[in-house]
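Asker:
There are 2 protein chains.
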Amino acid sequence: MNIILLSGGSGKRLWPLSNNVRSKQFLKLFRKQDGGYESMVQRVYRQIMAVDEKTEVTIATSHSQSSSIRNQLGDKVSICVEPCRRDTFPAMALATAFLADERHVSRDECVIVCPVDPYVEDTYFQALKQLEQLVEEGNANLVLMGIEPSYPADKYGYIIPAEKASVSKVLEFKEKPNVEKAKEYLQQGALWNAGVFAFKLGYLLDKAHELIDFTDYRDLFGKFETVKKISFDYAVVENEPSIEVLRYIGGWRDVGTWNMMAEVMTDQTLGEVILDETCVNTNVVNELNIPLLCMGTKDLIIAASGDGILVADKERSGYMKPYVDKIETDIRFAEKSWGTYTVLDAQPGSQTVKISLHAGSRLSYHAHQFRDEVWTVVKGRGCTVIDDMEQEVRPGDTVSIAAGCVHTLIADTEMDVIETQIGEEISSTDKRVFERQAKKV
Amino acid sequence: MNIILLSGGSGKRLWPLSNNVRSKQFLKLFRKQDGGYESMVQRVYRQIMAVDEKTEVTIATSHSQSSSIRNQLGDKVSICVEPCRRDTFPAMALATAFLADERHVSRDECVIVCPVDPYVEDTYFQALKQLEQLVEEGNANLVLMGIEPSYPADKYGYIIPAEKASVSKVLEFKEKPNVEKAKEYLQQGALWNAGVFAFKLGYLLDKAHELIDFTDYRDLFGKFETVKKISFDYAVVENEPSIEVLRYIGGWRDVGTWNMMAEVMTDQTLGEVILDETCVNTNVVNELNIPLLCMGTKDLIIAASGDGILVADKERSGYMKPYVDKIETDIRFAEKSWGTYTVLDAQPGSQTVKISLHAGSRLSYHAHQFRDEVWTVVKGRGCTVIDDMEQEVRPGDTVSIAAGCVHTLIADTEMDVIETQIGEEISSTDKRVFERQAKKV
Numbered sequence: 014m015n016i017i018l019l020s021g022g023s024g025k026r027l028w029p030l031s032n033n034v035r036s037k038q039f040l041k042l043f044r045k046q047d048g049g050y051e052s053m054v055q056r057v058y059r060q061i062m063a064v065d066e067k068t069e070v071t072i073a074t075s076h077s078q079s080s081s082i083r084n085q086l087g088d089k090v091s092i093c094v095e096p097c098r099r100d101t102f103p104a105m106a107l108a109t110a111f112l113a114d115e116r117h118v119s120r121d122e123c124v125i126v127c128p129v130d131p132y133v134e135d136t137y138f139q140a141l142k143q144l145e146q147l148v149e150e151g152n153a154n155l156v157l158m159g160i161e162p163s164y165p166a167d168k169y170g171y172i173i174p175a176e177k178a179s180v181s182k183v184l185e186f187k188e189k190p191n192v193e194k195a196k197e198y199l200q201q202g203a204l205w206n207a208g209v210f211a212f213k214l215g216y217l218l219d220k221a222h223e224l225i226d227f228t229d230y231r232d233l234f235g236k237f238e239t240v241k242k243i244s245f246d247y248a249v250v251e252n253e254p255s256i257e258v259l260r261y262i263g264g265w266r267d268v269g270t271w272n273m274m275a276e277v278m279t280d281q282t283l284g285e286v287i288l289d290e291t292c293v294n295t296n297v298v299n300e301l302n303i304p305l306l307c308m309g310t311k312d313l314i315i316a317a318s319g320d321g322i323l324v325a326d327k328e329r330s331g332y333m334k335p336y337v338d339k340i341e342t343d344i345r346f347a348e349k350s351w352g353t354y355t356v357l358d359a360q361p362g363s364q365t366v367k368i369s370l371h372a373g374s375r376l377s378y379h380a381h382q383f384r385d386e387v388w389t390v391v392k393g394r395g396c397t398v399i400d401d402m403e404q405e406v407r408p409g410d411t412v413s414i415a416a417g418c419v420h421t422l423i424a425d426t427e428m429d430v431i432e433t434q435i436g437e438e439i440s441s442t443d444k445r446v447f448e449r450q451a452k453k454v
Numbered sequence: 014m015n016i017i018l019l020s021g022g023s024g025k026r027l028w029p030l031s032n033n034v035r036s037k038q039f040l041k042l043f044r045k046q047d048g049g050y051e052s053m054v055q056r057v058y059r060q061i062m063a064v065d066e067k068t069e070v071t072i073a074t075s076h077s078q079s080s081s082i083r084n085q086l087g088d089k090v091s092i093c094v095e096p097c098r099r100d101t102f103p104a105m106a107l108a109t110a111f112l113a114d115e116r117h118v119s120r121d122e123c124v125i126v127c128p129v130d131p132y133v134e135d136t137y138f139q140a141l142k143q144l145e146q147l148v149e150e151g152n153a154n155l156v157l158m159g160i161e162p163s164y165p166a167d168k169y170g171y172i173i174p175a176e177k178a179s180v181s182k183v184l185e186f187k188e189k190p191n192v193e194k195a196k197e198y199l200q201q202g203a204l205w206n207a208g209v210f211a212f213k214l215g216y217l218l219d220k221a222h223e224l225i226d227f228t229d230y231r232d233l234f235g236k237f238e239t240v241k242k243i244s245f246d247y248a249v250v251e252n253e254p255s256i257e258v259l260r261y262i263g264g265w266r267d268v269g270t271w272n273m274m275a276e277v278m279t280d281q282t283l284g285e286v287i288l289d290e291t292c293v294n295t296n297v298v299n300e301l302n303i304p305l306l307c308m309g310t311k312d313l314i315i316a317a318s319g320d321g322i323l324v325a326d327k328e329r330s331g332y333m334k335p336y337v338d339k340i341e342t343d344i345r346f347a348e349k350s351w352g353t354y355t356v357l358d359a360q361p362g363s364q365t366v367k368i369s370l371h372a373g374s375r376l377s378y379h380a381h382q383f384r385d386e387v388w389t390v391v392k393g394r395g396c397t398v399i400d401d402m403e404q405e406v407r408p409g410d411t412v413s414i415a416a417g418c419v420h421t422l423i424a425d426t427e428m429d430v431i432e433t434q435i436g437e438e439i440s441s442t443d444k445r446v447f448e449r450q451a452k453k454v
């Protein structure tokens, strides 16, 4: 089975835990059987493997997410990086071309496209196997999964099937209706459109060439910025007469808001949290390393991270986007391919950052024009390279890097370094990366 | 007028803003007319000066508070430091001996003892002048201020006056009653005991010599640890037949809990706080430099500092002591005579601290046995002294201090320094201060 997981937008709907570089699918909020925690993307990948460990998983995503995916899933998945965001049809076209040209998947093989963030039972992934069978049977060009609605929701699109059987031809698609309309649809046996599409690779490849002028994967990658933004629904689904839908009746949740997330969090609290005995229906996620005490709170979601603190009535938590959009904060925490970056202190003229590197990883070889930096090693061993000069470092060692000097840090073991940045204009854009690698590299 | 302000206990009742080194009277929560903020102790001192700018104010307190008092009130007040805590009678005896022997106040002068933290109108301090007059008239040995009760409170002691006149002899004192008893007292015209006592200096000096064996201030200071703990009420008030009380009918509040504090805070929010339009009766104090967003919150007190985060229903906020007592945190923020100390990051084997010094101030000349330290200057200019070696420093400079080296930092201008501590046993007790001063000193 070939699965393409669409790992979408940045989004601040789970602010302050999610931000422009940390999407909600990477938040480790779900308890694993071994006691640790896993993210949505780890959970989904684990569930896929449990159903069929030979599944080839490709994640279609932006460059900014690829470090998080590598950190969380390792090298087990393929990543198809979109040079820029162009909506779902171009993304699926690129991923399909990637499978054909880079992974040599044949035109006859089934490909299933699926969002990366459904909170579902394992039966959902077993249903994906059924989708594959339906595609192989070839009674339709496109096979969708429809979710049996649990209430007349106004936030999903609807699929109107020809009959109420488990598998049916699709009569029609409906945009997000109001609640009254939704009730009517439910009486007709309508299903929620969960964004799961199955087809033969050749089918989508042909559609892609029909609508976009390109030769192969690399060509499409190169001209991706010029491709028109359009969703798969508009570009393909609405014009395709031969569609089947598989009715899925198991648990399914879209955890796009804190209120939804609170319902599926395994633990009522995460992090250093104390609830007194009068707290009711309160969920807390505390990523800060200071205690958070709740007294007599009711129906609240509380989330704290280096980016900010949210205290929200659960019902109201879905409406926070306009408020969060107004908050202009520099990113204070970021997951990188080499580890993590945490801003400890920022003031005019200087910034103090904690850099944690995985064993064996390294920073890029780079320079800043407008700031000096000082590294103080507080944990682990490694090597710094400053303008080609290598130096072994260990806890207590400091290295001063004047503006303009090209520098990198190579971690032999896990390393923690306190970086002090000094300059009138400290900006994440003041960075030039150099190709040339140090001798040790 | 001589006023002794009793600046009491550490207390965590306003946690996470108050802690063992930062008492609630030093929190700058009250807006001044010039737009800045002032603390309880600053507010009370300003109010005293507004009534009589010639008042001599002495603050009786512990060593741990004297830096905060000096930072907030400067040299305008005398500080009578108690070597250890011995309850109110020994504290008042020491302060009285201090006034007699160090400030040469005569036995006939009036002294008024007053808590440092009443939230009151200016008329309260005008009433202190009346107390002084009553003491000078000499109809009683002790004159108290009684607060006209606004409700039958069970958390204050009561004074039963002989008559309902503005000034009356005192018949009796009552311990904190239950609400039923309190209602009875109110019908008898009883007053709350607010802990304000006025007397001639000689009166209390004699009582002190009666109950404690000492010669003068320095002698009492030296043996303070051996003095029995006893409150002024038990030691003196309950045995004194000649007491008058002045009835005070203006506004008076004891802001010992967050709920009370919320009522008197000038601004609903302090710090970087956003309330959406559905928030009701929510007060927020955010000392962290990250945004705090509230959505649809109701009847809440929220307070965030480097020590922790509190989210409490206002009614419940008075009951947090047992929960806070269980929170074991190292102090993450402290106000010192030379500036402030803020822990930015702590992990096994290292700790990163931001040290901010006032212009012209210096750290003690000290050494640590079990940790190395690295200073990185990020703002200002000054001089370090390491084992007698002086070195001028400016932003970007680093200084490494091996365990055992005696070191200090002297700030010529305002300075900020990032201190990285490295060692297996990092503890605030690992510090030895040396008398010997560096050459520049």
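For the record, the sequence lines run as chains X and G. Under our numbering, the first residue of the first sequence is numbered 14, with each subsequent residue one higher. Under our numbering, the first residue of the second sequence is numbered 14, with each subsequent residue one higher. Note that the Cβ used here is the ideal one computed from N, Cα and C, for glycine as well. Everything numeric in this text was worked out from a predicted model, so none of it was measured.
#1: Using a C-beta cutoff of 8 angstroms, does A451 (chain X) count as contacting chain G?
#2: K392 (chain G) touches chain X at which residues, Cβ-Cβ below 8 angstroms?
#3: Counting only Cβ-Cβ distances shorter than 8 angstroms, please list the residues of the stretch 298–311 of chain X near chain G, keeping chain order.
#4: Going by C-alpha to C-alpha distance, which of X:V250, X:D246, X:F227 sits closest to T239 (chain X)?
#5: Relative to chain G, which residues along the stretch 313–325 of chain X have a C-beta separation below 9 angstroms, given in chain order?
#6: Give, in chain order, every unbroken run of the beta strand (DSSP E) that is at least 3 residues long and sits entirely within the stretch 135–192 of chain G.
#7: Whose CA, out of X:E432, X:S363, X:H381, lies closest to the CA of P408 (chain G)?
#8: Does DSSP put R329 (chain G) in a helix, a strand or coil?
#9: Shorter than 8 angstroms from the beta carbon of L357 (chain X) to some beta carbon of chain G?
#10: Give me the Cβ distance between L218 (chain X) and A113 (chain X), rounded to the nearest whole Å; I'm assuming they're in contact under 8 angstroms.
#11: Between which two residues does the beta strand (DSSP E) carrying Y354 (chain G) extend?
#12: Spatial neighbours of L313 (chain X) within its chain, please: CB distance less than 6 angstroms, with the 5 preceding and 5 following residues excluded, ordered by chain position.
#13: For a test of the three-state rule: what should DSSP assign to D88 (chain X), helix, strand or coil?
#14: Tell me, to the nearest whole angstrom, how far the beta carbon of K187 (chain X) is from that of Y171 (chain X); I am working on the premise that it is less than 8 angstroms.
#15: Name, in chain order, the residues that DSSP records as bridge partners for D429 (chain X).
#16: Express the C-alpha separation of W271 (chain G) and D400 (chain X) in angstroms, rounding to a whole number.
#17: In chain order, what are the residue ranges of uninterrupted beta strand (DSSP E) at least 3 long that sit wholly in the stretch 26–86 of chain G?
#18: Counting contacts by CB-CB distance shorter than 8 angstroms, is R35 (chain X) in contact with chain G?
#19: Do D130 (chain X) and K41 (chain X) have their C-beta atoms closer together than 8 angstroms?
#20: In chain G, what lies closer than 7 angstroms to S441 (chain X) by C-beta?
#21: Taking Cβ to Cβ, would you say P29 (chain X) is nearer than 8 angstroms to A316 (chain X)?
#22: Can you find the residues in the same chain that come closer than 6 angstroms, C-beta to C-beta, to F447 (chain G), ignoring five residues on each side of it along the sequence?
#23: Buried or exposed for H381 (chain X), going by 16 or more other Cβ atoms inside 10 Å?
#24: Using a Cβ-Cβ distance under 8 angstroms, would V454 (chain X) count as near chain G?
#25: DSSP three-state call for A203 (chain G): helix, strand or coil?
#26: From the DSSP output, read off the bridge partner residues of Y261 (chain G).
#27: Could you check whether the Cβ of I16 (chain X) sits closer than 7 angstroms to any heavy atom belonging to the ligand SAM?
#28: Using a Cβ-Cβ cutoff of 9 angstroms, what residues of the stretch 193–223 of chain X are near chain G? List them in chain order.
#29: With F111 (chain G) and C93 (chain G) assumed to form a contact (beta carbons below 8 angstroms), what rounded beta-carbon distance in angstroms separates them?
#30: When the Cα of N15 (chain G) is compared with those of G:E149, G:D47, G:K45, which residue comes out closest?
#31: In chain X, which residues lie with their C-beta within 9 angstroms of the C-beta of D385 (chain G)?
#32: How many Å lie between I344 (chain X) and V70 (chain G) at the Cα?
#33: What does K367 (chain G) touch in chain X if you count any residue whose Cβ is under 7 angstroms from its own?
#34: If we ignore side chains and look at the alpha-carbon of each, how far apart do S31 (chain X) and G24 (chain X) end up?
#35: Locate the alpha helix (DSSP H) running through T101 (chain X), then write down its first and last residues.
#36: For R120 (chain G), count neighbouring Cβ atoms within 10 angstroms of its own Cβ and tell me buried if that reaches 16, exposed if not.
Answerer: This is what the structure holds:
#1: Indexing the first sequence from 1 puts residue 451 (chain X) at position 438. For A451 (chain X), the predicted structure reports a pLDDT of 45, less than 50, and the residue's modelled location is therefore unreliable. The matter cannot be settled from this model.
#2: Residue numbering aside, residue 392 (chain G) sits at position 379 when the second sequence is read from its first letter. Within chain X, the residues near K392 (chain G) are Q360, G362, S363.
#3: N299, L301, N302, I303, P304, L305, L306, C307, M308, G309, T310, K311
#4: What you label residue 239 (chain X) is simply residue 226 of the first sequence in a count that begins at 1. Answer by Cα proximity: X:F227.
#5: L313, I314, I315, A317, S318, G319, D320, G321, I322, L323, V324, A325
#6: 155–160, 171–174, 180–187
#7: The residue labelled residue 408 (chain G) in the question sits at position 395 within the second sequence. Among X:E432, X:S363, X:H381, the Cα nearest to that of P408 (chain G) is on X:S363.
#8: Position 316 of the second sequence holds residue 329 (chain G). Correct three-state label for R329 (chain G): helix.
#9: The residue given as residue 357 (chain X) occupies position 344 in the first sequence. Interface residue, yes.
#10: Within the first sequence, residue 218 (chain X) is the residue found at index 205, counting from 1. Within the first sequence, residue 113 (chain X) is the residue found at index 100, counting from 1. Right, the Cβ-Cβ distance comes to about 6 angstroms (below 8 angstroms), so this counts as a contact.
#11: Along the second sequence, one-based indexing puts residue 354 (chain G) at 341. 352–360 is the extent of the beta strand (DSSP E) around Y354 (chain G).
#12: The residue labelled residue 313 (chain X) in the question sits at position 300 within the first sequence. These residues qualify, in order along the chain: T295.
#13: For the purposes of this step, residue 88 (chain X) is identified with residue 75 of the first sequence, where counting begins at 1. DSSP, reduced to helix, strand and coil, places D88 (chain X) within a helical segment of the structure shown.
#14: Within the first sequence, residue 187 (chain X) is the residue found at index 174, counting from 1. Within the first sequence, residue 171 (chain X) is the residue found at index 158, counting from 1. Rounded, the Cβ-Cβ distance is 4 angstroms, consistent with contact.
#15: As a position in the first sequence, residue 429 (chain X) is number 416, starting the count at 1. Note: D429 (chain X) sits in a beta bridge opposite X:S369, X:K392.
#16: Your numbering for residue 400 (chain X) matches position 387 in the first sequence. Your numbering for residue 271 (chain G) matches position 258 in the second sequence. Going from the Cα of D400 (chain X) to the Cα of W271 (chain G) covers about 56 angstroms.
#17: Correct list: 69–75.
#18: Taking the first residue of the first sequence as position 1, residue 35 (chain X) is located at position 22. Chain G contact via Cβ: absent.
#19: Counting from one through the first sequence, the residue named residue 130 (chain X) turns up at place 117. Counting from one through the first sequence, the residue named residue 41 (chain X) turns up at place 28. Taking 8 angstroms as the Cβ cut-off, D130 (chain X) and K41 (chain X) do not qualify as a contacting pair.
#20: As a first step, residue 441 (chain X) is located in the first sequence; it is residue number 428 there, counting from the start. Near S441 (chain X) there are no residues of chain G at all, since even the closest Cβ is about 17 angstroms away, more than 7 angstroms.
#21: Locating residue 29 (chain X) in the first sequence gives position 16, counting from the first residue. Locating residue 316 (chain X) in the first sequence gives position 303, counting from the first residue. Result yes, Cβ atoms of P29 (chain X) and A316 (chain X) sit closer than 8 angstroms.
#22: The sequence position of residue 447 (chain G) within the second sequence is 434, counting from 1. Once the five neighbours on either side are set aside, the close Cβ partners of F447 (chain G) are Y378, V419.
#23: As a working note, residue 381 (chain X) is residue 368 in the first sequence. With 16 or more other Cβ atoms within 10 Å, it is buried.
#24: By 1-based counting over the first sequence, the position of residue 454 (chain X) is 441. Unreliable placement is indicated for V454 (chain X), whose pLDDT of 45 sits below 50; the coordinate value is still reported in the next sentence. It does not: the Cβ of V454 (chain X) has no partner Cβ on chain G nearer than 8 angstroms.
#25: One-based indexing of the second sequence puts residue 203 (chain G) at position 190. The answer is coil: DSSP assigns A203 (chain G) none of H, G, I, E or B.
#26: Locating residue 261 (chain G) in the second sequence gives position 248, counting from the first residue. G:I160.
#27: The model on display carries no ligand, and the ligand SAM is accordingly not part of it.
#28: Result list empty, no residue passes.
#29: Counting from 1 along the second sequence, the entry for residue 111 (chain G) is found at position 98. Counting from 1 along the second sequence, the entry for residue 93 (chain G) is found at position 80. Their Cβ separation, rounded to whole angstroms, is 4 angstroms, which keeps F111 (chain G) and C93 (chain G) in contact under 8 angstroms.
#30: Counting from 1 along the second sequence, the entry for residue 15 (chain G) is found at position 2. Here the closest residue by C-alpha is G:E149.
#31: Translated into positions along the second sequence, residue 385 (chain G) becomes position 372. Within chain X, the residues P408, G409 have their CB atoms less than 9 angstroms from the CB of D385 (chain G), given in chain order.
#32: Start at 1 with the first residue of the first sequence, and residue 344 (chain X) comes out as number 331. Start at 1 with the first residue of the second sequence, and residue 70 (chain G) comes out as number 57. Spanning the two alpha carbons is a distance of roughly 48 angstroms.
#33: In the second sequence, counting from the first residue as 1, residue 367 (chain G) sits at position 354. Near K367 (chain G) (Cβ distances below 7 angstroms), the residues of chain X are D358.
#34: As a first step, residue 31 (chain X) is located in the first sequence; it is residue number 18 there, counting from the start. As a first step, residue 24 (chain X) is located in the first sequence; it is residue number 11 there, counting from the start. In this model, S31 (chain X) and G24 (chain X) are separated by some 7 angstroms (Cα to Cα).
#35: Translated into the one-based positions of the first sequence, residue 101 (chain X) becomes position 88. T101 (chain X) -> alpha helix (DSSP H) spans 101–114.
#36: Position 107 of the second sequence, counting from 1, holds the residue named residue 120 (chain G). Exposed.
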